Amino acid sequence: MTRTQKQDEHTEESSEKQSGRGAGSAVQSVDRAVSVLEILARLGEAGVTEIAEELDVHKSTAFRLLGVLENRGLVAQAKDRGKYYLGAAVLRLAGAAAVRLDISQEGVPVCRELADELGETVNIAVLDDDAAVNIMQARGTASVTAQNWLGRRTPLHATSSGKVLLAHMPPTLREGLLARTLPRFTERTITGTTVLRAELEAVIEQGYGVTIEELELGLAAVAAPIRAHDGKVIGAISVSGPVYRLNSDRLPELAKRTVAAGADLSRRMGYGF
7 MTRTQKQDEH
17 TEESSEKQSG
27 RGAGSAVQSV
37 DRAVSVLEIL
47 ARLGEAGVTE
57 IAEELDVHKS
67 TAFRLLGVLE
77 NRGLVAQAKD
87 RGKYYLGAAV
97 LRLAGAAAVR
107 LDISQEGVPV
117 CRELADELGE
127 TVNIAVLDDD
137 AAVNIMQARG
147 TASVTAQNWL
157 GRRTPLHATS
167 SGKVLLAHMP
177 PTLREGLLAR
187 TLPRFTERTI
197 TGTTVLRAEL
207 EAVIEQGYGV
217 TIEELELGLA
227 AVAAPIRAHD
237 GKVIGAISVS
247 GPVYRLNSDR
257 LPELAKRTVA
267 AGADLSRRMG
277 YGF
């Protein structure tokens, strides 16, 4: 190997080492920047000193990280307090990610697990104008009927999922729907707006909705909300079956499990992160 070749090789090795150190530094900076976002998500707001202590870095390093994140809109600063908090760009990123999280796809394992555990039919419903439409269904071992709720539009006031969706609607939209004539399906269907409003308030308070023979004779159901990353209710998960199995003795435990499943699916949709 000639002297020139050795010099070229040495230069190349030095360049690779410098490049490696640069890449490592860049990765570390990215890791720290993500940590800053996680700290602010946990604390709500924090100053440079607090963030530096959390990261175990010098204040100048924390200040530079915050500066970059602020320039990109990922953090913002309360000028009067010198505290930093998550910026609007985080919401845009979260919204874009949430759009890609398909509720029916994310709901498959949750529905199947709940159906296997309880032995009953489990559905996921979403709002479709003035009705609830079932977009996912899983059957439990105790389900002996061949009734298929998938794709069916069901009335909001006479189904457990519908009550959940109705209860969490913006007030103006909800009142517009309640102003309409509510059709009766059985003797137990709630058609009076005063009684229905009280029922919807109970849904909010207890965290779930119940129907007993309000849509069909012999059918009972319990439903809980599914939330998106921003806390908005985007669907409902329900357990339904014959009244002789979903009786008053069993409904509280079914409600507890349905609420837990709704919370699990909400986490999968980004809620709580």
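Take 7 as the starting number for the sequence shown in my numbering and just add one per residue.
Glycine residues also receive a C-beta, built at the ideal position from the N, C-alpha and C atoms.
As the structure is a prediction and not an experimental result, all values here were calculated from the model.
Residue i, buried or exposed, once every other Cβ within 10 Å from all chains shown has been counted against 16
| i | result |
| --- | --- |
| residue 99 | exposed |
| residue 284 | In this structure the chain extends from 7 to 279, so residue 284 is not present and cannot be described. |
| residue 73 | exposed |
| residue 75 | buried |
| residue 106 | Interpretation of residue 106 is limited by its pLDDT of 48, a score under 50 that renders its predicted location unreliable; no figure is taken from the coordinates. |
| residue 253 | exposed |
| residue 147 | exposed |
| residue 168 | buried |
| residue 112 | buried |
| residue 31 | exposed |
| residue 179 | exposed |
| residue 268 | buried |
| residue 177 | exposed |
Which residues DSSP lists as bridging residue i, in chain order
| i | result |
| --- | --- |
| residue 277 | Note: residue 277 sits in no beta bridge, so no partner. |
| residue 52 | 90 |
| residue 84 | 89 |
| residue 143 | 129 |
Residue i (DSSP reduced to helix, strand or coil)
| i | result |
| --- | --- |
| residue 136 | coil |
| residue 47 | helix |
| residue 170 | helix |
| residue 218 | strand |
| residue 105 | Legend: pLDDT at residue 105 = 45, less than 50; position of this residue unreliable, no value from coordinates given. |
| residue 196 | coil |
| residue 157 | coil |
| residue 129 | strand |
| residue 231 | strand |
| residue 148 | coil |
| residue 254 | coil |
| residue 265 | helix |
| residue 185 | coil |
| residue 63 | coil |
| residue 247 | strand |
| residue 225 | strand |
| residue 92 | strand |
| residue 241 | strand |
| residue 213 | coil |
| residue 165 | coil |
| residue 177 | helix |
| residue 69 | helix |
| residue 79 | coil |
| residue 271 | helix |
Nearest candidate by alpha-carbon position, reference residue i, set the options
| i | options | result |
| --- | --- | --- |
| residue 271 | 243, 83, 210, 68 | 243 |
| residue 96 | 83, 78, 88, 224 | 78 |
| residue 42 | 187, 30, 80 | 80 |
| residue 139 | 58, 211, 241 | 241 |
| residue 219 | 195, 181, 148 | 195 |
| residue 246 | 201, 210, 154, 209 | 154 |
| residue 132 | 115, 122, 159 | 159 |
| residue 54 | 48, 65, 61, 47 | 65 |
| residue 209 | 173, 63, 113, 61 | 173 |
| residue 286 | 85, 37, 82 | Examination of residue 286 is not possible in this model, given that the chain is present from 7 through 279 alone. |
| residue 57 | 31, 32, 89 | 89 |
| residue 163 | 114, 109, 222 | 222 |
| residue 93 | 211, 47, 202, 197 | 47 |
Close Cβ partners of residue i (< 6 angstroms) along its chain, the five nearest in sequence each way excluded
| i | result |
| --- | --- |
| residue 184 | 199 |
| residue 128 | 117, 120, 121, 144, 245 |
| residue 60 | 45 |
Contacting residues, own chain, Cβ-Cβ under 8 angstroms from residue i (five flanking each side not counted)
| i | result |
| --- | --- |
| residue 157 | 139, 140, 141 |
| residue 257 | 216, 226, 228 |
| residue 82 | 76, 90, 91, 92, 93, 94 |
| residue 137 | 159, 160, 161, 162, 168 |
Proximal residues to residue i (C-beta, below 7 angstroms), its chain only, five neighbours per side dropped
| i | result |
| --- | --- |
| residue 259 | none |
| residue 250 | none |
| residue 277 | 233, 234, 235, 237 |
| residue 68 | 54, 57, 58, 61 |
beta-carbon residue i near the ligand FAD non-hydrogen atom, thresh 8 angstroms
| i | result |
| --- | --- |
| residue 72 | With respect to small molecules bound, the structure shown includes none, and the ligand FAD cannot be examined in it. |
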